[in-house]
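Report on one structure; see the data block that follows.
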Amino acid sequence: MERLRDEIQGGVISRRQLRELHAEDHDIRRLVRNRELAVIHPGVYVNHTGNPTWGQRAWAAVLACWPAALTGRSALPKPPERGPIEVMVPMSRTVRAPDGVIVRRRARFDGYVDWAAFPPRQLLAEAAIDTAVDAGGVPEAFATLADLVQRKVIRPASLIEALGHRRRMPDRQLMVGLLEDLKAGACSVLEREYLRRVERAHGLPPGERQAADSIAGVSVERDVIYAAYGLVVELDGRAFHRSAAAWDADHARDLDAAVARNLRTVRLTYGQVLGAPCRTATRIGELLGRGGWPGEVTPCSDCSPDPD
409 MERLRDEIQG
419 GVISRRQLRE
429 LHAEDHDIRR
439 LVRNRELAVI
449 HPGVYVNHTG
459 NPTWGQRAWA
469 AVLACWPAAL
479 TGRSALPKPP
489 ERGPIEVMVP
499 MSRTVRAPDG
509 VIVRRRARFD
519 GYVDWAAFPP
529 RQLLAEAAID
539 TAVDAGGVPE
549 AFATLADLVQ
559 RKVIRPASLI
569 EALGHRRRMP
579 DRQLMVGLLE
589 DLKAGACSVL
599 EREYLRRVER
609 AHGLPPGERQ
619 AADSIAGVSV
629 ERDVIYAAYG
639 LVVELDGRAF
649 HRSAAAWDAD
659 HARDLDAAVA
669 RNLRTVRLTY
679 GQVLGAPCRT
689 ATRIGELLGR
699 GGWPGEVTPC
709 SDCSPDPD
């Protein structure tokens, strides 16, 4: 049993569990004195004296506040390696947070914990919504959810379902809009803002998002493609974080698309989408028109005459 618990909990164990294994207080003191155990939190130990891993810190936080579960960002895949561990306890309990731990009292506790996880954690969709709410702003909230969807960790439908239970959540309708945009295929903050501020706000035709394509034998995924009008829009929100080789490869694919498929590709940045959405919409409308789009760009409430 000791070996099984050591493997499951990463070498972390609580005083309560040691007592269940028939250890007396003097046995525990001896193990600490002999450096076979080291204290992480009062009443919680790890079986070495080095720096604990994130997983060990997570187990220690849960055991120190037991019954408890990881919550928020700490309950998501690939949580931050540094910073405090977030745990949740039922609303009926008041728990003093140990050093390096944030304790959140949750009304939605019973029935919303995956007790089979190691360590126990809040259900993924619930943790994602809580993390987005605490993100500090709409772009940050959307980025949190979009990252999970992009990595195929969770589906938009699961997030929408989780949100459906929260009738009194602040900015609930705004969050519904974010999730609907994700469901429509806008999978980054920049893509969402292009969808809202450029395409929808100015009456442009709906593009196909995250569309699989093949150019010169290379499979690619287009951010937005208006195939009927020969136009591809790529949203380069991370252009300055990419390597020169990747940047060159993108433009090589653009050139191949122009030659092989008669597809013109334009690449838009944050400045063009967030800073000048009306001017950008006008220019995209002109390109679509050259490709045969019969519509007209609709001015939005923020539009002003284009000086050009």
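If you number the sequence shown the way my numbering does, the last residue is 716 and the count never jumps.
Where is the CB? At the ideal position from N, CA and C, for every residue including glycine.
{"Check": "For a test of the three-state rule: what should DSSP assign to Q425, helix, strand or coil?", "Outcome": "helix"}
{"Check": "How is the alpha helix (DSSP H) around L643 delimited, first residue to last?", "Outcome": "Careful: L643 lies outside any alpha helix (DSSP H), inside the beta strand (DSSP E) at 639-643."}
{"Check": "First and last residue of the beta strand (DSSP E) that includes A505?", "Outcome": "No beta strand (DSSP E) holds A505; DSSP gives it neither H nor E."}
{"Check": "Looking at the secondary structure, which residues open and close the beta strand (DSSP E) in which L676 lies?", "Outcome": "672-676"}
{"Check": "Using 8 Å as the Cβ pair cut-off and three pairs as the minimum, do the segment 485-498 and the segment 417-431 touch?", "Outcome": "no"}
{"Check": "Does W523 pass the burial test, meaning 16 or more other C-beta atoms within 10 Å, or should it be called exposed?", "Outcome": "exposed"}
{"Check": "Do you know how far the Cα of A551 is from the Cα of L571?", "Outcome": "17 Å"}
{"Check": "May I have the straight-line CA-CA distance separating Y355 from G419, to the nearest angstrom?", "Outcome": "Residue coverage of the chain in this structure runs from 409 to 716, which leaves residue 355 outside it and unanswerable."}
{"Check": "Does R650 come out as helix, strand or coil in the three-state DSSP assignment?", "Outcome": "Confidence in R650 is poor, its pLDDT being 49 and thus under 50, which makes the residue's placement too unreliable to answer from."}
{"Check": "Measuring straight from C-alpha to C-alpha, what distance separates L445 and A476?", "Outcome": "23 Å"}
{"Check": "Taking the alpha carbon of R512 as the reference point, which residue from Y520, T502, D631 has its own alpha carbon closest?", "Outcome": "T502"}
{"Check": "Given a cut-off of 8 Å, decide if W462 and S422 are closer than it, judged by their beta-carbon atoms.", "Outcome": "no"}
{"Check": "For Q538, which residues of its own chain have a beta-carbon under 6 Å away from its beta-carbon, when the five flanking residues on both sides are left out?", "Outcome": "Rather than Gln, the amino acid found at residue 538 in this sequence is Asp. Excluding residues within five positions, the ones whose Cβ falls inside 6 Å are G480."}
{"Check": "What is the DSSP secondary structure of A619, counted as helix, strand or coil?", "Outcome": "strand"}
{"Check": "Can you have a look at R575 and say buried or exposed, based on whether 16 or more other CB atoms are within 10 angstroms of its CB?", "Outcome": "exposed"}
{"Check": "Buried or exposed for L582, please, with buried defined as at least 16 other CB atoms from any protein chain shown within 10 angstroms of its CB.", "Outcome": "exposed"}
{"Check": "Report the residue from S709, I562, V440 whose alpha carbon sits nearest the alpha carbon of G611.", "Outcome": "S709"}
{"Check": "Would you mind giving the Cβ-Cβ distance between L676 and L643, rounded to the nearest angstrom? I have them listed as a contact below 8 Å.", "Outcome": "6 Å"}
{"Check": "Within the continuous alpha helix (DSSP H) that includes I692, where are the two ends?", "Outcome": "685-698"}
{"Check": "Please state whether DSSP places Q530 in a helix, a strand or coil.", "Outcome": "strand"}
{"Check": "Could you give the DSSP three-state label for H434: helix, strand or coil?", "Outcome": "helix"}
{"Check": "If we count the other Cβ atoms within 10 Å of its Cβ and call it buried at 16 or more, is V447 buried or exposed?", "Outcome": "exposed"}
{"Check": "Quick one: is A565 buried, meaning 16 or more other Cβ sit within 10 Å of its Cβ, or exposed?", "Outcome": "exposed"}
{"Check": "Pairs of beta-carbons, one from the segment 544-558 and one from the segment 524-531, closer than 8 Å: are there three or more?", "Outcome": "no"}
{"Check": "Can you find the residues in the same chain that come closer than 6 Å, C-beta to C-beta, to Q680, ignoring five residues on each side of it along the sequence?", "Outcome": "T688"}
{"Check": "As a quick exercise: from V541, N442, G700, pick the residue whose alpha carbon is nearest that of V584.", "Outcome": "V541"}
{"Check": "What is the residue span of the alpha helix (DSSP H) that V470 lies within?", "Outcome": "462-472"}
{"Check": "Using 10 angstroms around the beta-carbon of T706, count the other beta-carbons present and answer buried if the total reaches 16, otherwise exposed.", "Outcome": "exposed"}
{"Check": "Pop quiz: A536 and L567 are said to be a contact at Cβ under 8 Å. What is the actual Cβ separation, rounded to whole angstroms?", "Outcome": "6 Å"}
{"Check": "In three-state terms, what does DSSP make of A524?", "Outcome": "coil"}
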